[in-house]
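These protein sequence lines are chains A and B, in that order. Per our numbering, the very first residue in the first sequence carries number 1; after that it's consecutive. Per our numbering, the very first residue in the second sequence carries number 1001; after that it's consecutive. Heads up, the thing below is written out as structure tokens.
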Amino acid sequence: MPYGPHAADDRSRMLQTIGVDSVDRLFDDIPEALRSGPLKLDPPEPELELSARLQALAARNRTDLVSFLGAGAYRHWTPAVVDQMLLRGEWYTAYTPYQPEVSQGTLQSIYEYQSLLAELTRMDVVSASHYDGGAATAEAALMTCRATGRDRILVGRGVHPHYRQTLETYAEGAGLGVDEVPLVASGPLAGTTDLAALALLLADAEHPVAGVVAAQPNILGLLEDMPQIGRLAHDAGALFVSVIEPVSLAVLAPPGDYGADIAAGEGQSLGIPLQYGGPYLGIVACSDALIRQIPGRLVGLTKDLEGKRAFVMTMRAREQDIRRERAASNICTNQALLALAASIYISTVGPHGLRDVAAMGASRAAELEAALAAAGAPRLHAGAYLNEFAVHVPNARAVFKRLLARGVLAGIPAADLLPDEPAVADALLVCATEVTTHADITTFATALAAELAGGAA
Amino acid sequence: MSVVGERLQPTIFELSRPGRGGGKIPHPPANALDRIPAAARRAEAPALPELSEPEVVRHYVNLSALNYSVDSGFYPLGSCTMKFNPKLNEWAARLPGFAGLHPMAPDETAQGTLAMLHELEAILAEVSGMDAVTLQPAAGAHGELTGILMIRAYHRSRGDVERTEVLVPDSSHGTNPATASMAGFKTITIPSAPDGGVDLAAFTAALGPKTAAIMITNPSTVGLFEARIGELLEATHAAGALAYMDGANLNAILGRFRPGAAGFDVMHFNTHKTFSTPHGGGGPGSGPVGVRPNLVPFLPSPRVVREDDGSFRLEREGERPSSIGRVRSFFGSTGVLVRAYAYLRAHGAAGLCEVSDDAVLAANYLKARLAPVYEVPFERACMHEFVASAADLKRRTGVRTLDIAKRLIDKGYHPPTIYFPHTVEEGMLIEPTETESIETLDAFADALIEIFHEAETDPELVTAAPHVAPVRRLDEATAARQPNLRWRGMTGAQTPCPD
């Protein structure tokens, strides 16, 4: 065993103390008929060979492409300090802080995370973390049902399709109904949530709505009229869940300022590597009024018996290990190390740096928009966006494939994300961030122009 | 001297001074945001801390020093399997090809990761005796929800909609009943028998046409193999219900018992327990779920598919309409799964078997060392963990298990899990894992025995513990009554960017 601690005679000394002659005897409780034969797996692999195997596998992934892919996970530059800190075993080899006297590091770091995200979202309460953006959105929607005693959720089609599908799965189990709010198909508001349709859905007195879920920016990168969505929800007695992107909150209005009752979202952009989908950071934040409904762990500030300031997991009566079948959620292990990464990232870039990240993305995106338009792919929508937008490209899937052959990851065919939206059938959804360079944009635009001209170049 | 650092730290907000920091991000043009309508813009800059990089580093290094961790010492936290976290795995997960891969990357650009995931599914299926595995769930509890939703879908697919109950032993993890509720089921709690196993008579009495599933942790949360598991599974299936195994304690039975082969229909793995992925101070975990053929159609989407030409791809949307759907965004916690894969390959068949043998050996050794002093409610051989009780000690001296746990901190150890499961009075659930040496186990046993004698001769020494820790016992009641869950009082950055 590669990480085993035993010297030659340790096992026999241990068996002697126990009073059995072989370790097999310790497994006597397993009924004979149910015992396993030997596992059909490869023999142990020495570290030298295993490291080469892992390196070869990693090298088979194409991470060298010029990429404009976003759609819920974003390429950002992360200061070296973030991972250097995460590599300390005191952080990553600790368990959940059940014993606060020897866990003040983790506890204080979670309290600081809650505080940083509360400030960024301008919400009152932030949970210690959730699995990811999809699960966080689903949990937020369930909160609205518990809080209102209603069983119907409205989710905008501008919310990431994975989040909507996750919400559907959770709602199906809980016996809750989910209806989707359509996007405006054409005109100046095309691609944003159809507010008239939302008002109609909310007006169904027979099926009162618990919560309305909308995203800012939405999946097409467009900015929604969040204050108005919130007003419509509240007028119908429903709660308003805002699905947020945390870096954007350095420059966009925070959910606490436009009346959101709950904010949920994906924290990956705060210093967390893409790593093919996780581990990421689910964010759930709410107003004080909903504090008893928020699922997951919370860390609070308190004192020890000598009056020293200290931190502790608190309001535990909501949680599964205390409340069992009546808990607010079944969540136990969350994403503490990723919340730590987000805190170190925010602390290192600071308020100015975070604003620069968001604004630089907006600036690069504007440059990208102009370059793609010049190449023959104008924007699909008229509404405002931050750093992600759709461009009109006939045969988008085929063009996407040909661009890939030219070394350009041209975002994502919008129809792959929103197959039921004919309005985006001929479009690529592209994204720029602070790591997008002028040279990347030129490469993309040149390749696209060549493809649209018939693929000659 | 404290086993962890003693210097409490100011919060990051108290360290902030206007004008510090900078030098990280190039400045965008001043008009970069002019095209964003004012109504959508943030009116007031967020009040986030401003620090120089050296201050950030000291803050997080000094904070980390206040943590106890596996890298610093013995962490016998029962049910949590705090084994050594191999360093190779940290290196592997950070390889640019793995770490930099976008979750929506086209399949042809993700062949390395997809091949790894596909092989990992096969390894987990072999270890568990299951037919297929989903790697998507983000943690054990998330795996439970996935499994129970599949069971729900299975019954419904057969028009069997009257099954509204899930049976759960009283010694189960709290996640089991909480999961049943989230999936719309009513929890029926089954008492334990005096030998620590499930009470078979109570169990069969509760089973019936309304039973959708049973959820069994095996080995159980008191560290015993469920010796009547064959009867339990047979009765479950005879009643038309399905059997879910909570795999939190899989570390005890690798290569000895394969739940799928034995008759369980579905189980989750905790990679952060059995397969050494680090627990991160409370996550990330990862909770793959294995199923028998009857549940394969319901697995969450997307799965990894191997094409005839040997290439790999993710399932396309809607490709498998019977799926319960998505349980999260994107594919899964791939960064965690790389680590689990490395661990499994490093061990292979022989190594995994040895893991469980040594984990069970260590637990029985520690139990034998402590049994002459502490009550050990279940005398037969334990699996990878065991329960000791201080109930009698408490009656005689007033010293509780909580006090013993806190006194262990003075002696340099992380305490075991205490007061879980709830079925044992003043219980301590002790799990040494296979990566601890006999010297470590002996020293820990000596410390626990010493505390026992201290309780008899100087109880206040124990009830006032910890004496050497950065903080003493905390006022948890006030924390819950008047919650302070965030720092307030910092003002927004008033000065221009420092660089």
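Where a beta carbon is used, it is the ideal one built from N, C-alpha and C, also for glycine.
- For A:D304, the three-state secondary structure derived from DSSP is strand.
- By the Cβ test, the segment 309-318 of chain A is not in contact with the segment 1155-1174 of chain B, since fewer than three Cβ pairs between them sit closer than 8 angstroms.
- The C-beta separation of B:R1369 from A:T17 comes to about 7 angstroms, placing the pair in contact by the 8 angstroms criterion.
- Distance check between B:P1026 and each of A:H352, A:A375 and A:Q165 places A:H352 closest, using alpha-carbon atoms only.
- Relative to A:L41, the option among B:E1385, B:T1204 and B:A1346 whose CA is nearest is B:A1346.
- DSSP, reduced to helix, strand and coil, places B:S1157 within a helical segment of the structure shown.
- Beta-carbon to beta-carbon, B:A1235 and B:D1265 are separated by about 14 angstroms, too far to satisfy the 8 angstroms threshold.
- With distances taken between CA atoms, B:G1318 lies nearest to B:R1303 out of B:A1469, B:E1460 and B:R1303.
- Assignment of beta-bridge partners to A:Q275 by DSSP yields no partner.
- Taken through DSSP and simplified to helix, strand or coil, B:Y1244 comes out as strand.
- Identification of chain A residues near B:Y1075 by a Cβ-Cβ cut-off of 9 angstroms yields T93, A94 and Y95, ordered along the chain.
- Taking 7 angstroms as the Cβ-Cβ cut-off, the segment 1154-1166 of chain B has no residue approaching chain A.
- Shortest Cα-Cα distance from B:P1483 to any of A:L403, A:L116, A:T302 and A:D420 involves A:T302.
- Non-local beta-carbon contacts of A:Y258 in its own chain, meaning distances under 7 angstroms to residues more than five positions away in sequence, involve M226, P227 and G230 in chain order.
- In this structure, the alpha-carbon of A:F27 lies about 12 angstroms from that of A:S36.
- Beta-bridge annotation (DSSP): B:I1216 is paired with B:M1245.
- The alpha carbon of A:G211 has as its nearest neighbour, out of A:G383, A:R406 and A:R152, the alpha carbon of A:R152.
- If you check the CB distance, B:A1227 and A:D29 come in under 8 angstroms.
- Note that the C-beta distance between A:L117 and A:A285 is below 8 angstroms.
- For a Cβ distance threshold of 7 angstroms, residue set I30, L34, R35 and S36 of chain A lies close to B:F1257, ordered along the chain.
- The beta-carbon of B:F1312 is placed no less than 8 angstroms from the nearest beta-carbon of chain A.
- DSSP places B:G1230 in the uninterrupted alpha helix (DSSP H) bounded by I1229 to A1238.
- Burial check for B:P1372: the Cβ neighbour count within 10 Å stays below 16, so the residue is exposed.
- Within its own chain, the residues whose Cβ lies closer than 6 angstroms to the Cβ of B:A1141, once the five positions on either side in sequence are excluded, are T1175, listed in chain order.
- Runs of alpha helix (DSSP H) with 4 or more residues, each lying fully within the segment 177-227 of chain A, are found at 195-202, listed in chain order.
- Fully enclosed alpha helix (DSSP H) runs of no fewer than 4 residues occupy 1259-1262 of the segment 1247-1305 of chain B, in order along the chain.
- In the structure shown, the three-state DSSP call for A:H130 is strand.
- Boundaries for B:T1081: no beta strand (DSSP E) harbours it, and the DSSP string shows neither H nor E there.
- Taking 8 angstroms as the CB threshold, A:V66 stays off the interface with chain B.
- Rounded to whole angstroms, the Cβ separation of B:H1384 and B:V1399 is 27 angstroms, and the two are not in contact under 8 angstroms.
- One Cα belongs to A:A264, the other to A:G158, and the distance between them is close to 14 angstroms.
- Runs of the beta strand (DSSP E) lying entirely within the segment 1299-1361 of chain B and spanning at least 3 residues, in chain order: 1304-1306 and 1312-1314.
- DSSP links B:A1132 through a beta bridge to B:V1291.
- Taking the beta carbon of A:R11 as reference, the chain B residues within 7 angstroms of it are L1361, listed in sequence order.
- Under the three-state reduction of DSSP, A:I331 is assigned to coil, being neither helix nor strand.
- For a cut-off of 8 angstroms, the C-beta gap from B:G1325 to B:P1300 is around 6 angstroms, short enough to register as a contact.
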